[in-house]
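Since the structure comes first, as C-alpha cells, the remarks are kept for the end.
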Amino acid sequence: MATYVLVHGAWQGGWSWRRVADRLRAAGHDVFTPTLSGIGERAHQATPKIGLRAHVTDLVAMLRYEDLRDVVLVGHSYGGFVVREAADQAPERIARIVMVDAWAGRDGESLDDRATRFFRDWLDSVTVDGMVPPPPLESLGVSEPTDQAFLRPRLTPQPRLTFAEPTRLTGTVDLIPTSAVVCVPGGGIPFGQWAEEFGWPTLEIETGHNAMVTAPDALTEALQKPPASAVGLGKNEKP
Numbered sequence: 001m002a003t004y005v006l007v008h009g010a011w012q013g014g015w016s017w018r019r020v021a022d023r024l025r026a027a028g029h030d031v032f033t034p035t036l037s038g039i040g041e042r043a044h045q046a047t048p049k050i051g052l053r054a055h056v057t058d059l060v061a062m063l064r065y066e067d068l069r070d071v072v073l074v075g076h077s078y079g080g081f082v083v084r085e086a087a088d089q090a091p092e093r094i095a096r097i098v099m100v101d102a103w104a105g106r107d108g109e110s111l112d113d114r115a116t117r118f119f120r121d122w123l124d125s126v127t128v129d130g131m132v133p134p135p136p137l138e139s140l141g142v143s144e145p146t147d148q149a150f151l152r153p154r155l156t157p158q159p160r161l162t163f164a165e166p167t168r169l170t171g172t173v174d175l176i177p178t179s180a181v182v183c184v185p186g187g188g189i190p191f192g193q194w195a196e197e198f199g200w201p202t203l204e205i206e207t208g209h210n211a212m213v214t215a216p217d218a219l220t221e222a223l224q225k226p227p228a229s230a231v232g233l234g235k236n237e238k239p
C-alpha cells in the first residue's frame, strides 16, 4: 500500500479531500491531508505576508516531521505550485507526483505569471487588505446543491501573495515521475496544455475543477494509477 499526501488548492483546506481520503484509506493506503498556513481551519493565522514560500515550508516540514517516504504527492489547483517546490526540496521522500487540474510554473515563475490578464485583474479587483475572497462556487465547477453546501461554509480568503510570489526550483523536481489529472471540459485555465508542456502523461475526468468533491470515485481511481498506466491509456482518454 502507498502513502498519499493530498494538498489542497486556494481558499480550501485539507478538509476538501475528505471524500477521496476516506476512499484511499478504505483501500488500505495511508493518507495525510495537511492544511496550509492561513487557510481553512488555520484561517486564524491569516496574514497578507503569507506567500507561496510559507506554504512550501508547511509541506516540507510535515514530510520531515512525519518522516514520510515513498510518498505519492498530490496537488490540486494552486497546490500544484506548492507540491512541485516542496518535492524539489525533499525529492528523497517522494515516489511520484500527481497534478490534479493544477497550476505549474518554471523556476522564477509565479501563478500570476501563468494566469490570464482577466484572472489577474479579477484577483486585484477583489483583494482587500492583501486577502482574496473565495470566488463563486460555479467558477470552481461545483453546481450540485449538496456539494455547494459542503464547500460554501468552509471556504476562506487566500493571501494574495501566494499567487504573486515566484517559485524556486533547482530542476530536481523534473526528475520525479509526474502525471496529471485534468478535469474536462474545463473552465478556461489550460491545465491540459501545461501538462503537455511539461511532458506529463495525462488522464481526463469528466467533472468540474473540484474533482475531489464532485467526482471522488473517479479521482480516487486515477490517483492509484502510476504514470505508466496513464501512458497506456493515452493522453486524452478517461481513466
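Per full-length UniProt numbering, the very first residue in the sequence shown carries number 1; after that it's consecutive.
Built from N, CA and C at the ideal position, the CB exists for glycine as well.
Coil, strand or helix - residue i by DSSP
i, result
"Tyr-4", "strand"
"Leu-233", "Only weak support is given to the placement of Leu-233: the predicted model assigns it a pLDDT of 35, under 50, and the question is left unresolved by the model."
"Lys-225", "coil"
"Asp-147", "helix"
"Leu-203", "strand"
"Gly-80", "helix"
"Gln-193", "helix"
"Pro-159", "strand"
"Val-128", "strand"
"Gly-13", "coil"
"Ser-110", "coil"
"Leu-169", "coil"
"Ala-66", "Here residue 66 turns out to be Glu, not Ala, going by the sequence shown. Three-state DSSP puts Glu-66 in coil, outside helix and strand."
Contact check, residue i vs residue j, beta carbons under 7 Å
i, j, result
"Gly-9", "Ser-77", "yes"
"Pro-216", "Arg-19", "yes"
"Val-56", "Val-82", "yes"
"Thr-178", "Ile-39", "no"
"Asp-67", "Ala-95", "no"
"Gly-51", "Leu-161", "yes"
"Thr-33", "Arg-42", "no"
"Gln-148", "Val-132", "no"
"His-209", "Gly-141", "yes"
"Pro-227", "Pro-201", "yes"
"Val-74", "Leu-6", "yes"
Per DSSP, cross-strand counterpart(s) of residue i
i, result
"Ile-94", "Val-71"
"Phe-32", "Val-5"
"Ala-180", "Met-99 and Thr-202"
Cβ separation of residue i and residue j, assumed to be a contact under 8 Å, to the nearest whole Å
i, j, result
"Ala-222", "Ile-205", "6 Å"
"Asp-112", "Ala-164", "5 Å"
"Gly-14", "Arg-154", "Between Arg-154 and Gly-14 the Cβ distance is about 11 Å, and since that is not below 8 Å, they are no contact."
Contact test: residue i Cβ vs the ligand FAD heavy atom, cutoff 6 Å
i, result
"Ala-26", "Ligands are entirely absent from the displayed structure, and the ligand FAD is therefore not among its contents."
Checklist entry - Is the number of C-beta pairs between the segment 120 to 127 and the segment 92 to 109 that are closer than 8 Å three or more? => result no
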